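Residue numbers (our numbering): 1 to 592.
Only one structure is covered here, and it is reproduced in the block below.
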Amino acid sequence: MAKVESEVKQLRGKKVKMTPSEAIVETLVAEGVKEVYGILGSAFMDMLDLLPTADIRFLPVRHEQTTAHMADAYTRVTGVAGVVVGQNGPGITNMVTSVAAANQAHTPMVVISPSAGTPTVGWDGFQECNQVSVFEDITKETVQVTHVSRVADCLRTAFRIAYAERGPVLFDIPRDYFYGELEDQILEPYQYRVDSRGSGDPAQLDNAVELLKNAEYPVIISGRGTVDSDGIDTVKEIAEHLTAPVAVSYMHNDAFPDNHPLAVGPIGYMGSKAAMNTLKKADVVLAIGTRLSVFGTLPCYDIDYFPEDAKIIQVDINPRNIARTHPIEVGLIADAKSACDELVKRLQEEAPNPVQNQDRLQEVTHEREKWEEELVSLAMEDGNPINPRRALLELTRAVPEGTMISSDIGNVSSTANAYLKFNQGRKHIAALTFGNTGFAYPAALGAQLGDPNSPAVAIVGDGAWGMSLHEVSTAVEQNIPVVACVFNNNAWCAEKKNQVDYYDNRFVGADIDSPDFAEVARSMGAQGYRVDKPEDVGPVIAEAIKSKKPTVIDIQVDGTQLAPPFRKDALKMPTRYLAKYKHLDFESWGKE
1 MAKVESEVKQ LRGKKVKMTP SEAIVETLVA EGVKEVYGIL GSAFMDMLDL LPTADIRFLP
61 VRHEQTTAHM ADAYTRVTGV AGVVVGQNGP GITNMVTSVA AANQAHTPMV VISPSAGTPT
121 VGWDGFQECN QVSVFEDITK ETVQVTHVSR VADCLRTAFR IAYAERGPVL FDIPRDYFYG
181 ELEDQILEPY QYRVDSRGSG DPAQLDNAVE LLKNAEYPVI ISGRGTVDSD GIDTVKEIAE
241 HLTAPVAVSY MHNDAFPDNH PLAVGPIGYM GSKAAMNTLK KADVVLAIGT RLSVFGTLPC
301 YDIDYFPEDA KIIQVDINPR NIARTHPIEV GLIADAKSAC DELVKRLQEE APNPVQNQDR
361 LQEVTHEREK WEEELVSLAM EDGNPINPRR ALLELTRAVP EGTMISSDIG NVSSTANAYL
421 KFNQGRKHIA ALTFGNTGFA YPAALGAQLG DPNSPAVAIV GDGAWGMSLH EVSTAVEQNI
481 PVVACVFNNN AWCAEKKNQV DYYDNRFVGA DIDSPDFAEV ARSMGAQGYR VDKPEDVGPV
541 IAEAIKSKKP TVIDIQVDGT QLAPPFRKDA LKMPTRYLAK YKHLDFESWG KE
């Protein structure tokens, strides 16, 4: 052991001879990487052989799309960039969807991408693909190893960009470059990358304080940047100093504690009416760690809530996100927590007496209570067999404090935005705006690995579950005690709602004939439950969490109780000109 420690110190102190595989693995060690996700492949086997000795766990999955979803969630929970690897060609291209999702989620990640060996490039060899061109538009950068001697340097560059630009980076290395020898020094991260962006331009901070202290109705929107920077407590200080209501950005329900008296909940699709009715009153909006995405600020429930005339102060670590979707009054390129720390300090200096606006606080309380009453009322409507809202309500009541919940894309998963409440950060792991199904379960696996001391629950529709259930084998094999709550309505109901509203109940490709998912789970070695009574939902979920075993709960929900269409802004009533299709024209409905 002493000899090994001595060698490690040598690696950190000067250039030494090593293989490219050793250089890669030691760079991963220096970066604090504890897990790598993938499927065994010959292209990177030389590197793989070193991982156990380096105390890095290789986590084998059943499909490569799973890898980046797991790494995405792991990073959201831990703050450490996730690492994935796959066989050149199909193994890497299988990751396209999940890497693209992580890119839109702004999750730091390194994709170790073995490519075809240099002696045969261009000969259409076995599993040859120009992976760089495939990933150029769905990563922050593609870094290509151009020489064996550059392996560690290029990997350092990949990590530097992943953290600096908050997203995945492709580290493309010809498979023959894992072999050979080089001389290099293994650097510590502080020697080649800097994460801190500081608190922003002092003049802009002054402008922000001036706006906030003179605002008649300031409202804060807290986003993922607040979570990633561990800045929630500082946002609370600002809110309390100003008596400013705090909404959370779309599907980042953990960006401010729900039990705080100034919390109004999430904006965006199927968010909180309390948040929307509050935000539309704002004359100044402080948007912290959020890009204010177009989809995340669209009208919902026929409430056009984003205030057009409000003066916006936007804080984001990435300058590309500032004023990208909404014109701003003040922009701060800064770390969310650092900026908020400085704002609190300056507010307390320039306006030492906190605003005690009891009328505003009572308004917030009233809006919250009214919205909560509506949510419960909607959930208590009868369903056949279970109202999906009732199942969501029972789920939120059953899970213990601190539970991590991942949510997919789909009718029920999106409705969950209204019901999910968190009092701690790094607990809500949502699919976000890339909008691919099949995210929630692998994400819950990654979150559980990132924080094994907190329960992990996945909210998944039956359609998305068809893209995920194979990973139950991974959960069983690796003993990852995630609870999958499959809301089974035998249809792709988010899209079915479009066919109800826009296509006169003509259902093409909407219905799904599903097996008994509980039985399938049991056959794979997990626990499986089938629930068809609303009063059983909570107790079964509580029992599953307590068991600390991989579990699938097949919850039978009503397929006719549907949320509004996702994209009302992008859908139109169908018009048909050819005689053959004229009966499908919306003006012909009911005339047959």
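Even for Gly, the Cβ is constructed at its ideal location relative to N, Cα and C.
Keep in mind the model is a prediction, meaning the values are calculated, not measured.
- For Val148, there is no enclosing alpha helix (DSSP H), as DSSP marks it with neither H nor E.
- Less than 7 Å separates the beta-carbon of Gly446 from that of Met70.
- In this structure, Ile312 sits away from Val294, with a CB-CB distance that is not shorter than 7 Å.
- With a cut-off of 8 Å on Cβ pairs, the region 491 to 510 is in contact with the region 572 to 591, counting three or more such pairs.
- In terms of Cβ geometry, Pro550 and Ala526 form a close pair [threshold 7 Å].
- Contact between the region 169 to 183 and the region 12 to 28 is present, with at least three C-beta pairs closer than 8 Å.
- From the listed residues Lys14, Gln87, Arg156, Ala458, the smallest Cα separation to Gly32 is found for Arg156.
- Taking Thr297 as the centre and dropping the five residues before and after it, the same chain places the C-beta of Phe306 closer than 6 Å to its C-beta, in chain order.
- Excluding five sequence positions before and after Ser413, the CB atoms of its chain that fall closer than 8 Å to its own CB belong to Ser407, Ala431, Ala440, Ile459, Val460, Gly461, Ala464, Phe487, given in chain order.
- Around the beta carbon of Val84, a 10 Å sphere encloses 16 or more other beta carbons of the protein chains shown; the residue is thus reported as buried.
- For His428, the uninterrupted beta strand (DSSP E) segment begins and ends at 428 to 430.
- Of all alpha-carbon atoms in Val77, Gly86, Thr78, the one lying nearest the alpha-carbon of Leu59 is that of Gly86.
- The distance from the Cβ of Asn423 to that of Glu401 is about 7 Å, consistent with a contact at the 8 Å cut-off.
- Between the C-alpha atoms of Met251 and Glu495 there is a straight-line separation of about 20 Å.
- For Val264, the CB contacts under 7 Å within the same chain, skipping 5 residues up- and downstream, are Pro245, Val246, Ala247, Ser272, Ala274, Ala275, Thr278, Val364, Glu367, Arg368 in chain order.
- Asn253 is not bridged by DSSP to any residue.
- Put simply, the backbone Cα of Gly450 is about 21 Å away from that of Ile541.
- Inter-residue distance for Ile555 and Pro385 is about 9 Å (C-alpha atoms, whole angstroms).
- Annotation: Val294 is outside any alpha helix (DSSP H) and is labelled neither H nor E by DSSP.
- In terms of Cβ geometry, Ala239 and Leu262 form a close pair [threshold 7 Å].
- By the 16-neighbour rule on beta-carbons within 10 angstroms, Gly509 is exposed.
- If one requires a minimum length of 3 residues, the beta strand (DSSP E) runs lying completely within the region 62 to 137 are 82 to 85, 109 to 115, in chain order.
- Look at the beta carbons and you see the region 151 to 167 touching the region 183 to 200: at least three pairs across the two are nearer than 8 Å.
- Within the region 514 to 577, complete alpha helix (DSSP H) segments of at least 4 residues are found at 517 to 523, 534 to 547, given in chain order.
- Unbroken beta strand (DSSP E) runs of no fewer than 3 residues, entirely contained in the region 24 to 66, are found at 35 to 38, 57 to 60, following chain order.
- Contact annotation: Thr290 and Gly223 have beta-carbon atoms nearer than 7 Å.
- Within the same chain, and ignoring the five residues on either side of Thr433 in sequence, the residues whose Cβ sits closer than 6 Å to its Cβ are Gln104, Ser293, Phe295.
- By alpha-carbon distance to Asp569, the top candidate from Ser547, Asn498, Lys548 is Asn498.
- Closest in C-alpha terms to Glu471, from the list Ile333, Lys15, Glu26, Gly38, comes Gly38.
- Secondary structure of Ile161 (DSSP, three-state): helix.
- Contact between Gln127 and Asn88 holds: CB atoms are separated by about 5 Å, below the 8 Å threshold.
- At the C-beta level, Leu571 and Asn411 stay beyond 7 Å of one another.
- When DSSP reads this structure, Ser413 sits in no beta bridge, so it has no partner.
- The beta-bridge partner set that DSSP reports for Phe171 consists of Ile112, Val143.
- Nearest Cα to Ala310 within the set Tyr217, Ile409, Lys548, Val77: Tyr217.
- Minimum Cα-Cα distance from Asp201 among the listed residues Asp316, Met45, Glu373 corresponds to Asp316.
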